[in-house]
Amino acid sequence: FCFGCFRCNDVAAVDINMGCPKAFSIQGGMGAALLTKPELIHDILTTLKRNLDVPVTCKIRLLKS
17 FCFGCFRCND VAAVDINMGC PKAFSIQGGM GAALLTKPEL IHDILTTLKR NLDVPVTCKI
77 RLLKS
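Taking the numbering used here, the leading residue of the sequence shown gets 17, the next gets one more, and so forth.
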């Protein structure tokens, strides 16, 4: 991700969807697949928060375990 290329001029917030259960997302390591990788979630959100001047939110799902 190129933070130098990202401009927040017309962006009010960034909302990350880490809850999508679609097969395409899961197979690609996206969406709900990220819930099995808490360290990666932490890294993604920390990097975004440190580099953006807008609010960062994250949608997740509750896992059975």
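For glycine and all other residues, C-beta sits at the position ideal for the given N, C-alpha and C.
Could you please give me the residues that DSSP links to K75 through a beta bridge?
Position 59 of the sequence shown, counted from the start, is the residue given in the question as residue 75. The partner list for K75 (beta bridge, DSSP) reads N33.
Need the endpoints of the alpha helix (DSSP H) that T63 sits in, please.
Counting from 1 along the sequence shown, the entry for residue 63 is found at position 47. Start and end: P54 to N67.
Less than 8 Å separating the beta-carbons of V30 and L64?
Position 14 of the sequence shown holds residue 30. Position 48 of the sequence shown holds residue 64. For the pair V30 and L64, the CB atoms are nearer than the 8 Å cut-off.
Which residues mark the beginning and the end of the alpha helix (DSSP H) in which A39 is found?
Taking the first residue of the sequence shown as 1, we reach residue 39 at position 23. For A39, the enclosing alpha helix (DSSP H) stretches over residues A39 to Q43.
A48 beta carbon less than 8 Å from that of I42:
Working through the sequence shown from its first residue, we reach residue 42 at position 26. Working through the sequence shown from its first residue, we reach residue 48 at position 32. Yes; because the gap between Cβ atoms is below 8 Å, this pair is in contact.
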